[in-house]
Every structure is written in C-alpha cells, then in structure tokens.
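Comments concern the structure below.
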C-alpha cells in the first residue's frame with residue numbers, strides 16, 4: 071500500500087510494482103466484457119450501455135481485490151462499498167440513457183427511411199407525369215398541325231380531330247388538378263371545413279356523376295345501403311374520395327361487369343365499400359395500389375375522350391383525403407374483382 075510520506079519517485083516505483091498484478095486481474099474482466107458486448111451486439115442499446123458501464127466497474131473491483139490479496143481490511147471494505155455505490159448509480163443511468171439514445175436512433179432511422187421513400191416517390195411521380203403529359207401534348211400538337219396545314223379539311227374529320235383535342239385537353243386538365251390536390255395533401259396545406267355530412271348523399275352524387283362513363287363502357291353501377299351513416303368531414307373532399315374510387319372501379323371493370331357501392335355502419339365508424347369486377351390484383355402489387363403514380367404492370371391505353379384514363383394519382387389522393395379525415399382505407403381481392411373499404415369516424419350527435 072502506498073504511504074502518505076513517500077516521495078514521488080517512490081510512489082512511481084510502487085505503482086510500477088502494482089501495475090502487472092492489477093493488469094493480471096483486470097484484463098480478463100475487460101476481455102469478458104468485450105466478449106459480452108459482442109454477444110449482445112444485436113440486443114437493445116440499453117443492454118449495450120449497461121454492459122459498457124458494468125465492465126470497468128467490475129474490472130476495478132476485481133483489480134482492487136487482487137491487489138489486496140483478498141485481505142478484507144477496513145480500507146478494502148470502504149473501497150468495495152464505493153464501487154458498489156458507483157454501480158448502483160451508473161447502471162440505472164446507463165439504462166435510462168441507453169433507452170433514450172435508442173428511441174432517438176430509431177426515430178432518426180425512421181425519419182431517414184421516410185425521407186428516402188418520399189424522395190423515391192417524388193422521382194417516380196415526376197417520371198410518370200412527364201410521360202403522361204408528353205403523350206397528350208404530342209397528340210394535340212400533331213392534330214393541331216394537321217388542321218393548320220389543311221391536311222384535314224373534311225367537316226367530319228375536322229369534328230373528329232376537335233373531339234380528340236378536347237378529350238386530350240380534358241385529360242391534361244384532370245392530371246394538373248390531381249397534381250395540385252396531391253401537392254396540398256403531401257405538403258400538409260390541405261384545410262378541411264368539417265361538418266356533419268350524410269354519406270348517402272355524397273355517394274349518390276358521385277355515382278350519378280360517373281353514370282355517363284359507366285354507360286359508355288356498359289358497366290352497371292349498383293348502390294346498396296344497410297344504414298344511413300353521417301360522418302364528420304368536408305363535403306367536397308368526401309365527394310372526391312367516392313368519385314375516385316367509383317371511377318377507378320369503372321375503369322378496371324370489363325364491359326357488362328358490375329360495380330357495387332355499399333354503405334353501412336361498423337361500430338363507431340361509417341363503412342363504404344366499392345366492389346369491382348377487375349379480376350383481382352396480383353399479390354405482389356396489392357400493397358402498392360395506393361402508391362403515387364402506380365397503375366400496375368398491365369398496360370392501359372386511354373380512350374379518345376380522356377374520361378377513363380388517369381395519371382395513377384386517384385387512389386393516392388383518396389388515401390390522403392381519407393387519412394386527413396382520420397379514417398382508414400384498404401383493399402383486398404373479393405369475389406370476381408377487388409374491394410376498396412373506407413372507414414370514417416361517425417359524426418358526434
């Protein structure tokens with residue numbers, strides 16, 4: 071033991087004498103701590119932090135015991151008590167700090183994943199929209215040049231070209247409107263004027279608006295209501311949700327097929343279900359149905375009127391609007407096609 075009256079040089083010699091024994095006892099504990107860290111590397115950060123704290127405390131404790139020759143004097147007992155108190159303070163602190171750091175790490179990782187997903191979605195959206203905008207613009211330009219050059223001069227041909235230009239213009243206008251709506255949703259600038267809205271009226275209006283499209287395609291649209299739910303929401307946005315779902319169902323239902331729109335109440339939620347006859351969605355695509363600009367692997371050629379084609383934004387917009395109403399939207403294969411279900415909170419009476 072180092073005495074208080076020793077000179078500096080004597081203390082250095084004493085330390086050099088003790089050091090090999092201290093290393094002999096402490097190094098195995100440190101090695102064991104390193105092995106423990108390796109074994110728990112896939113565990114929680116709190117476990118790692120606890121191991122990091124306990125390893126030096128245990129090494130110090132074993133080193134003191136080894137140097138003292140396990141002679142339990144008053145000084146050794148005091149030192150062991152101090153080590154115990156240090157462990158009692160540092161271990162709980164390590165657990166608390168470890169959990170805090172773990173939560174922050176998870177949050178940062180999730181934030182990075184969301185940012186990467188959003189960036190990927192934006193790139194995909196730009197690619198899809200660039201392609202979809204280029205096609206009608208090229209058609210409009212070609213038909214306009216044909217009319218201007220006198221290539222088309224017969225009255226019937228001019229009328230046909232005018233109808234085509236009108237259809238492509240309608241498509242472009244709809245795509246621009248969808249982009250604006252989607253940008254409001256993703257930017258968080260969408261403002262809803264909430265009120266008690268009878269969902270049956272919204273569904274009836276949306277189905278009536280899509281009836282001409284369904285008739286041209288020879289698709290039958292049926293309505294059925296087991297209840298008359300009143301939801302808390304914004305009328306225009308709710309109409310947009312129903313219109314997008316019905317339009318999507320009509321678009322993918324073959325001629326002579328049926329689209330069924332059902333209303334009901336499930337607990338404290340209103341239930342809206344839209345069934346189509348599309349033949350079902352492949353299992354590897356059903357999870358991507360609500361992704362921006364995703365339209366499946368099957369190619370679709372827009373018609374001349376531009377009423378049955380879309381930019382792949384309708385379902386993404388519907389999902390964003392449903393979530394803005396604190397609701398939930400889902401899809402599953404059902405019968406001859408698939409079913410889209412929307413659940414919205416009922417209005418508080």
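Residue numbers (our numbering): 71 to 419.
No residue lacks a Cβ here, since even glycine has one placed at the ideal position from N, Cα and C.
Does residue i pass the burial test, meaning 16 or more other C-beta atoms within 10 Å, or should it be called exposed?
i	result
residue 303	buried
residue 83	exposed
residue 162	exposed
residue 50	Because the chain in this structure spans residues 71 to 419, residue 50 falls outside the shown range and cannot be described.
residue 306	exposed
residue 264	exposed
residue 360	buried
residue 258	exposed
residue 246	exposed
residue 110	exposed
residue 232	exposed
residue 196	exposed
residue 202	buried
residue 170	exposed
residue 228	exposed
residue 68	For residue 68 there is no data in the structure shown, the boundaries of the chain being 71 and 419.
residue 412	buried
residue 385	buried
residue 112	exposed
residue 322	buried
residue 159	exposed
residue 237	buried
residue 267	buried
residue 99	buried
residue 78	exposed
Which residue from the options puts its Cα closest to that of residue i?
i	options	result
residue 318	341, 345, 211	345
residue 297	258, 254, 306, 342	342
residue 101	125, 387, 416	125
residue 338	416, 177, 212	416
residue 326	292, 409, 332	292
residue 279	314, 260, 294, 249	314
residue 208	186, 196, 234	234
residue 104	90, 119, 92, 91	119
residue 93	109, 79, 134, 121	134
residue 414	136, 353, 335	335
residue 122	152, 286, 165	165
residue 312	322, 274, 86	274
residue 192	79, 383, 77	383
Run through the DSSP bridge pairs and tell me what residue i is partnered with.
i	result
residue 202	Residue 202 is not bridged to any residue.
residue 223	In DSSP, residue 223 forms no bridge with anything.
residue 409	345, 402
residue 266	302
residue 414	340
Can you give the beta carbon distance from residue i to residue j, rounded, assuming they're within the 8 Å contact cut?
i	j	result
residue 362	residue 252	7 Å
residue 310	residue 391	6 Å
residue 350	residue 407	6 Å
residue 289	residue 316	Residue 289 to residue 316, Cβ: 10 Å. No contact.
residue 340	residue 277	Rounded, the Cβ-Cβ distance is 17 Å, inconsistent with contact.
residue 239	residue 210	7 Å
residue 284	residue 320	5 Å
residue 150	residue 131	7 Å
residue 324	residue 347	7 Å
residue 199	residue 249	7 Å
residue 167	residue 137	Wrong, their Cβ atoms sit about 31 Å apart, outside the cutoff.
residue 145	residue 96	That belief does not hold up - the Cβ atoms of residue 145 and residue 96 are roughly 19 Å apart, past 8 Å.
residue 157	residue 127	5 Å
residue 272	residue 308	5 Å
residue 255	residue 394	7 Å
residue 282	residue 333	Actually they are not in contact, since the Cβ atoms of residue 282 and residue 333 sit about 22 Å apart, beyond 8 Å.
residue 409	residue 402	6 Å
What do you reckon, is the C-beta of residue i under 6 Å from a heavy atom of the ligand GDP?
i	result
residue 215	Absent from the structure shown: the ligand GDP. Ligands present: none.
Which runs of the beta strand (DSSP E) fall wholly inside the stretch 278 to 357 and span at least 3 residues, in chain order? Runs of the beta strand (DSSP E) inside the stretch 278 to 357: 290 to 295, 300 to 303, 328 to 336, 339 to 345.
Going along the chain, which unbroken runs of the alpha helix (DSSP H) with 4 or more residues stay wholly within the stretch 80 to 155? Here the runs fully enclosed are 115 to 137.
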